[in-house]
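S.K.: Here you go, one structure.
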Amino acid sequence: MRGIDMPTAPETIRSRFLAYHAAWLVRAEAERGGCAGPEIQSLAALLMRVENGEGTPEVRVYCFSDSGTGWMKRAVITAGLSIDGTHIAAHSPVTYGPARSRDGRLKAHEWIKRRIWRKDPKHSQLVVDERVPVRWETDPRP
0 MRGIDMPTAP
10 ETIRSRFLAY
20 HAAWLVRAEA
30 ERGGCAGPEI
40 QSLAALLMRV
50 ENGEGTPEVR
60 VYCFSDSGTG
70 WMKRAVITAG
80 LSIDGTHIAA
90 HSPVTYGPAR
100 SRDGRLKAHE
110 WIKRRIWRKD
120 PKHSQLVVDE
130 RVPVRWETDP
140 RP
């Protein structure tokens, strides 16, 4: 999003991912007193995989609407890496909305895509490097 500190190029997504999760690893080790629990070991293994080049950079826009009328739409936007079919964020999530939808025929991701995404980067609110795919998802719950 414009004006938001979100990585948008593949290199910056990968480096931000390593920095973001290394900070969590250090904090978790400090809280446990240097004891390596299973969560810490799995996070360390994940960081080693990313350092070796695994993972595909992507931006995920996860959209959902309120359960009452479905008119209020929201999106949670994160840049991160897709590893083993799972999106793991490289930063704290950015939220868009709530925004009122006037077209009830569109799913949440279709409506939000119309609001923030344009082919011309000058007119788009979500500007991403062309090498990074953007994955639009709608929460399956009604």
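Here the sequence shown is numbered in numbering that gives the first Met the number 0, starting from 0 and rising by one per residue. The beta-carbon is built from N, C-alpha and C at its ideal position, and this holds for glycine as well. Note that this is a predicted model, so its numbers are computed, not measured.
Leaving out five residues before and five after Ser81 in sequence, what residues of the same chain have Cβ atoms less than 7 Å from its Cβ?
M.R.: Excluding sequence neighbours, Ser81 sits near Gly54, Thr55, Glu57.
S.K.: Can you tell me whether DSSP reads Thr11 as helix, strand or coil?
M.R.: Thr11: helix per DSSP, three-state reduction.
S.K.: Short of 7 Å in beta carbon distance, which residues of its chain neighbour Arg1, apart from the five on each side in sequence? Order them along the chain.
M.R.: With a pLDDT of 48 at Arg1, under the threshold of 50, the modelled position of this residue cannot be trusted, and the question is left open.
S.K.: Starting from His86, trace the beta strand (DSSP E) in both directions and tell me its first and last residue.
M.R.: First-last of the beta strand (DSSP E) with His86: 85-88.
S.K.: Starting from the C-beta of Thr137, find all residues in its chain whose C-beta is less than 6 Å away, skip the five residues before and the five after it, and write them out in chain order.
M.R.: Cβ within range, chain order: Cys62, Lys106, Ala107, His108.
S.K.: So what does DSSP say about Cys23, is it helix, strand or coil?
M.R.: Strictly speaking, residue 23 in this sequence is Trp, with Cys absent from that position. Here Trp23 sits in helix by DSSP.
S.K.: Going by other Cβ atoms of all chains shown within 10 Å of its Cβ, with 16 needed for buried, is Trp110 buried or exposed?
M.R.: Per the 10 Å Cβ criterion, buried.
S.K.: How should Ala89 be labelled, buried or exposed, when 16 other C-beta atoms within 10 angstroms of its C-beta is the threshold for buried?
M.R.: Flag for Ala89 reads buried.
S.K.: Are the CB atoms of Ile39 and Leu24 nearer to each other than 9 Å?
M.R.: It is a contact, given that the beta carbons lie within the stated cut-off.
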